[in-house]
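Here's the structure, in structure tokens; my notes come after.
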Amino acid sequence: MNILGINAYHGNASAAIVCDGQLVAAVEEERFNRVKYAAGFPAQAIRYCLKEAGLKLEEIDHVAVPRNPFARLGTKLFYALRMPSFARGRAKVLAKFTGVREALAAAFDTDPGRISARFHRIEHHQAHLASTFFVSPFERAALLSADGLGDFASTMWGAGSGARMEIADAIAFPHSLGLYYTAVTQYLGFLKFGDEYKVMGLAAYGQPEQLETFREIVRFDSNGRGNGFRLGLGYFVHHRTGPEMSWAEADKTPTLGKLFSSEMSRRLGRQREPEEPLEQRHRNLAASLQARLEDVYLGMLRKLAEATGLKSVCLAGGVAFNCVANGKIFDSTPFREVYVQPAAGDAGLAVGAAYYVWHQKLGKPRTFVMDHAYWGPGFTAPAIRAAIEAGGIARGGFTAAELPEEELARCAAGLIAEGKILGWFQGRAEWGPRALGNRSIVSDPRRADMKETLNRRIKHREIFRPFAPSILAEATGEWFEKSHASPFMTMAYAVRPEKRAQIPAPTHVDGTGRLQTVTHEANPRYHALISAFRDLTGVPVVLNTSFNDNEPIVCRPEEAIDCFLRTQMDALVLGDFLIERRS
Ligand SMILES: [Fe+2]
4 MNILGINAYH GNASAAIVCD GQLVAAVEEE RFNRVKYAAG FPAQAIRYCL
54 KEAGLKLEEI DHVAVPRNPF ARLGTKLFYA LRMPSFARGR AKVLAKFTGV
104 REALAAAFDT DPGRISARFH RIEHHQAHLA STFFVSPFER AALLSADGLG
154 DFASTMWGAG SGARMEIADA IAFPHSLGLY YTAVTQYLGF LKFGDEYKVM
204 GLAAYGQPEQ LETFREIVRF DSNGRGNGFR LGLGYFVHHR TGPEMSWAEA
254 DKTPTLGKLF SSEMSRRLGR QREPEEPLEQ RHRNLAASLQ ARLEDVYLGM
304 LRKLAEATGL KSVCLAGGVA FNCVANGKIF DSTPFREVYV QPAAGDAGLA
354 VGAAYYVWHQ KLGKPRTFVM DHAYWGPGFT APAIRAAIEA GGIARGGFTA
404 AELPEEELAR CAAGLIAEGK ILGWFQGRAE WGPRALGNRS IVSDPRRADM
454 KETLNRRIKH REIFRPFAPS ILAEATGEWF EKSHASPFMT MAYAVRPEKR
504 AQIPAPTHVD GTGRLQTVTH EANPRYHALI SAFRDLTGVP VVLNTSFNDN
554 EPIVCRPEEA IDCFLRTQMD ALVLGDFLIE RRS
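The sequence shown stops at residue 586 when you use this note's numbering, and every number in between is there.
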């Protein structure tokens with residue numbers, strides 16, 4: 004049985020295909036159309052998923068779409084009456100949404116009447132919860148989804164057992180931890196869609212000196228639910244104007260209108276304009292924002308642990324990308340095991356909706372665990388060779404040599420140890436926003452100046468943003484104060500104080516690292532590369548940043564070569580080929 008999941012007309016449009024309970028492919032549309040966080044209809048992602056599964060559109064039995072227009076109708080009507088323009092905007096998106104069958108037919112140049120699949124509409128947060136629990140290694144787990152807004156809710160929790168989830172409760176619009184974080188991110192002058200993680204990085208440079216005020220901005224409030232929070236709505240405008248989002252077009256990064264009110268400036272000082280320098284006041288505000296998020300998030304998790312009596316938790320939604328908060332779960336809650344799927348945000352809804360149909364609707368037993376992130380496009384050796392021949396490698400003054408696997412890892416590790424910046428392109432592309440060793444730029448973590456070098460030569464990011472370490476999983480406890488696996492870079496742990504001087508480049512100013520723990524089983528080649536680096540240097544860690552330069556992560560070998568030539572990387576490994584500057 005074949006189930007196609009589609010996240011359309013929402014940020015991070017994506018598709019996934021599940022065949023007889025096994026995930027075969029999952030990918031974001033942005034990797035194809037090269038528009039960061041692309042919304043719209045993910046036609047290319049769907050075509051790729053079907054190709055990977057070897058299926059025609061007529062062979063799809065179910066199409067799962069993570070939006071249910073009938074969810075929370077009462078709340079929607081209440082706000083539709085108060086905010087007619089918002090209601091009109093939503094109606095427009097909804098009109099697109101009801102046309103998913105038509106859009107799917109158009110993508111395959113066929114007639115909608117010829118699509119025999121059954122269509123299912125899965126409520127947004129239930130799809131989030133399904134995206135993490137049904138692919139987790141846990142038979143039973145507590146579940147929490149927290150994000151900006153989806154189907155008029157921001158938060159949902161419950162518990163999963165085997166092939167079923169039970170929803171305990173949800174928090175509806177306008178109260179939202181995601182919108183809280185976005186509002187203060189905007190107030191601090193970071194206006195682009197997806198900028199929240201920048202402010203999370205900035206928070207480490209400040210002190211939460213405004214925590215008292217932030218306790219008014221988000222308050223604990225169970226409202227009879229036994230768990231929950233409320234926004235201090237005086238600090239916000241979205242409950243009056245509606246959050247203005249643009250989701251409909253595939254060729255544009257989504258935008259979000261202003262969320263905070265003048266009360267924010269009145270209490271916290273003037274808002275920062277994007278071009279203004281960052282002052283200590285801003286860093287302290289970021290720290291206060293993050294500290295309050297952690298209070299509320301960890302507080303909710305403690306109550307969830309209490310209510311369910313479970314030791315494992317599955318997380319989803321944009322807030323589940325807050326690796327700093329996630330890293331504190333073990334010390335601050337009774338949970339002993341945490342699972343976060345690599346596409347915890349809205350892209351993950353495609354996987355969640357498909358698995359919701361397979362388990363919750365069809366009652367099929369669990370047979371799949373997502374233990375690696377490599378569900379995107381991969382390329383054959385001839386395709387890579389052709390890209391190298393066509394890509395101007397020789398004209399650019401580079402040589403390409405095909406090497407046996409072991410020698411490739413040894414040579415690449417040697418280059419990294421010499422301080423070279425290496426593009427590393429292998430196998431199938433990562434699912435989710437993090438490069439995890441198949442579309443990565445890898446460099447020496449021992450060099451304190453590597454962060455600055457990477458920024459100057461390749462990444463051009465704000466200097467306060469940290470770079471991440473990839474570590475051999477078996478060495479985690481020796482280098483970090485926690486050893487719980489973080490295969491998808493969703494946890495930040497403190498680096499052991501005695502090790503910090505050895506890996507200064509990916510150690511953040513607060514002594515933490517947003518680590519990726521790498522096993523041989525999940526990624527043998529990347530594991531071999533880090534092992535070879537350890538053999539040379541004694542350090543089982545490399546610095547890993549995504550293979551891109553202010554664009555979606557490269558997907559095809561042609562894009563990797565283009566990025567390599569455009570930036571000033573020193574060497575590139577593309578499949579079995581090592582490409583170096585001609586000496
Ligand atoms: Fe969401």
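Cβ atoms here follow ideal geometry from the backbone N, Cα and C, with glycine treated the same way. All values reported here derive from a predicted model rather than from experimental measurement.
Taking only three categories from DSSP, how would you classify residue i?
i, result
"ALA497", "strand"
"PRO211", "coil"
"VAL322", "helix"
"VAL445", "strand"
"GLN571", "coil"
"ILE506", "coil"
"TRP434", "coil"
"SER335", "helix"
"GLY426", "strand"
"PRO490", "coil"
"VAL138", "coil"
"GLY480", "helix"
"ILE556", "coil"
"PRO115", "helix"
"ASN547", "strand"
"GLU455", "helix"
"LEU1", "Since the first and last residues shown for the chain are 4 and 586, residue 1 lies out of range."
"PHE239", "strand"
"TYR377", "coil"
"TYR40", "coil"
"GLN274", "coil"
List the DSSP bridge partners of residue i.
i, result
"ALA74", "According to DSSP, which records beta bridges pairwise, ALA74 is partnered with nothing at all."
"MET168", "GLY163"
"ARG584", "PHE401"
"HIS285", "Bridge partners of HIS285: none, in fact."
"ILE174", "THR158"
"ARG124", "VAL68"
"ALA18", "ILE9, VAL30"
"GLY153", "ALA156"
"PHE223", "PHE232"
"SER265", "Note: SER265 sits in no beta bridge, so no partner."
"ARG468", "DSSP output for ARG468 lists no bridge partner at all."
"ILE533", "According to DSSP, which records beta bridges pairwise, ILE533 is partnered with nothing at all."
"VAL576", "TRP427, LEU581"
"CYS317", "LEU146, TYR342"
"GLY516", "TYR496"
"VAL521", "LEU475"
At a cut-off of 6 Å, is residue i close to ligand 1 when judged by its beta-carbon and the heavy atoms of the ligand?
i, result
"GLN349", "Looking at the sequence shown, residue 349 is not Gln but Asp. Indeed, a heavy atom of ligand 1 lies less than 6 Å from the Cβ."
"GLY153", "yes"
"GLY320", "yes"
"ASP23", "no"
"ASP150", "yes"
Nearer than 6 Å: is that true of the beta carbon of residue i relative to any heavy atom of ligand 3?
i, result
"GLY381", "Looking for ligand 3 in the displayed structure turns up nothing; the ligands present are ligand 1."
Checklist entry - Is the stretch 511 to 523 touching the stretch 421 to 431, taking contact as three or more C-beta pairs under 8 Å? => result no
Next on the checklist: When you compare the stretch 455 to 472 with the stretch 493 to 511, are there three or more beta-carbon pairs, one atom per stretch, that lie closer than 8 Å?
Outcome noted: Flag = yes, the stretch 455 to 472 and the stretch 493 to 511 touch.
Checklist entry - Taking one C-beta from the stretch 552 to 561 and one from the stretch 432 to 443 each time, how about it: are there three or more such pairs within less than 8 Å? => result yes
Checklist entry - Given 8 Å as the limit, is there contact between the stretch 353 to 371 and the stretch 380 to 389, that is, 3 or more CB pairs closer than that? => result no
Checklist entry - How about the stretch 44 to 55 and the stretch 113 to 127: do they share at least three Cβ pairs that are nearer than 8 Å? => result no
Checklist entry - Any contact of the stretch 226 to 241 with the stretch 320 to 327, i.e. 3+ C-beta pairs under 8 Å? => result no
Checklist entry - Is it true that the stretch 10 to 24 meets the stretch 337 to 349, where meeting means three or more beta-carbon pairs spaced less than 8 Å apart? => result yes
Next on the checklist: Check whether the stretch 475 to 490 and the stretch 577 to 584 are in contact - that is, three or more C-beta pairs closer than 8 Å.
Outcome noted: no
Checklist entry - Is it a yes or a no for the stretch 365 to 374 touching the stretch 129 to 148, going by three-plus beta-carbon pairs under 8 Å? => result yes
Checklist entry - Is it true that the stretch 282 to 300 meets the stretch 107 to 123, where meeting means three or more beta-carbon pairs spaced less than 8 Å apart? => result no
Checklist entry - Would the stretch 399 to 412 and the stretch 524 to 534 be scored as touching if the rule is three or more Cβ pairs under 8 Å? => result yes
Item to check | Cβ pair count under 8 Å reaching 3, the stretch 269 to 286 against the stretch 205 to 218 | outcome: yes
Checklist entry - Are the stretch 291 to 305 and the stretch 327 to 334 in contact at 8 Å, needing three or more beta carbon pairs? => result yes
Checklist entry - Taking one C-beta from the stretch 519 to 527 and one from the stretch 450 to 464 each time, how about it: are there three or more such pairs within less than 8 Å? => result Taking a cut-off of 8 Å on C-beta distances, the stretch 519 to 527 does not touch the stretch 450 to 464, as fewer than three cross pairs fall below it.
Item to check | Segment contact flag, the stretch 51 to 66 with the stretch 148 to 164, C-beta cutoff 8 Å, min 3 pairs | outcome: no
Checklist entry - Do the stretch 307 to 319 and the stretch 146 to 153 make contact, defined as three or more Cβ pairs closer than 8 Å? => result Taking 8 Å as the limit for Cβ pairs, the verdict is that the stretch 146 to 153 does touch the stretch 307 to 319.
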